[in-house]
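Take 1 as the starting number for the sequence shown in the UniProt record's numbering and just add one per residue.
In this text, a Cβ means the ideal position worked out from N, Cα and C, and glycines have one as well.
Okay, so here's the structure we're looking at.
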Amino acid sequence: MALKDVRILIVDDELFFRQVLRALLEKIGFTVVGEAGDGAEALERYRALRPHIVIMDIYMPDMNGIEATRDLLALDPNARVLVASASDFDCDTQAALDAGAKGILMKPFVPKEIYEMIRKLLTGK
């Protein structure tokens with residue numbers, strides 16, 4: 001699958017992080033098909049857009065990324081969710097992985113790490 005064919009949904013309550021991540025993903029060559037500001041909106045956008053990958057912040061109001069990941073996988077067991085976190089050593093990050101997230105993208109974002117994580121997720125290698 002060509003990079004431009006990989007459809008990504010960004011979920012974060014902070015507009016700034018959505019904009020930064022969108023710019024990085026598009027610079028790498030991916031297609032960002034949508035954004036959501038919380039978990040409930042993420043579920044709606046996922047149903048409508050059917051992205052290949054969802055990049056989900058953990059800490060959001062109303063429905064956090066852990067709950068949203070769990071609900072997303074109940075909706076579509078094949079959904080691929082990457083969680084975005086500033087710490088890879090906290091219980092919430094582990095809870096997101098336990099809920100079914102496939103990996104962790106560290107903030108601040110590093111383009112090469114994003115590319116490698118998405119490539120690995122799509123190819124299994």
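I need the DSSP call for residue i, collapsed to helix, strand or coil.
{"i": "Arg70", "result": "helix"}
{"i": "residue 128", "result": "The chain is shown only over 1 to 125; residue 128 falls outside these bounds and no answer can be derived."}
{"i": "Gly100", "result": "coil"}
Measure how close the beta-carbons of residue i and residue j come, nearest whole angstrom, since I'm counting them as under 8 Å.
{"i": "Val99", "j": "Ile58", "result": "What sits at residue 99 in the sequence shown is Ala, not Val. At roughly 10 Å, the Cβ-Cβ gap does not stay under 8 Å, so Ala99 and Ile58 are not in contact."}
{"i": "Leu9", "j": "Val33", "result": "6 Å"}
{"i": "Leu105", "j": "Leu75", "result": "Going by Cβ atoms, the distance from Leu105 to Leu75 rounds to 22 Å, so no, they are not a contact pair."}
{"i": "Leu72", "j": "Leu43", "result": "6 Å"}
{"i": "Ala68", "j": "Gly39", "result": "3 Å"}
Tell me the residue span of the alpha helix (DSSP H) that contains residue i.
{"i": "Arg45", "result": "39–49"}
Taking the beta strand (DSSP E) that residue i belongs to, which residues open and close that run?
{"i": "Leu82", "result": "81–85"}
{"i": "Val33", "result": "31–36"}
{"i": "Val54", "result": "53–57"}
{"i": "residue 132", "result": "Shown here, the chain extends from 1 to 125; a query on residue 132 therefore has no answer."}
{"i": "Val11", "result": "7–11"}
Do the CB positions of residue i and residue j come within less than 8 Å of each other?
{"i": "Leu121", "j": "Arg70", "result": "no"}
{"i": "Thr31", "j": "Val54", "result": "no"}
{"i": "Leu3", "j": "Ile114", "result": "no"}
{"i": "Arg47", "j": "Glu35", "result": "no"}
{"i": "Met56", "j": "Asp13", "result": "no"}
If I measure Cβ to Cβ from residue i and keep anything under 7 Å in the same chain, skipping five residues before and after, which residues do I get?
{"i": "Met63", "result": "Asp38, Gly39, Ala40"}
Return the chain-ordered list of same chain residues with a C-beta closer than 8 Å to the C-beta of residue i, the five sequence neighbours on each side being excluded.
{"i": "Arg50", "result": "Arg7"}
For residue i, collect the residues of the same chain with a Cβ closer than 6 Å to its Cβ; drop the 5 residues on either side in sequence, then sort them by chain order.
{"i": "Gly103", "result": "Leu82, Met117"}
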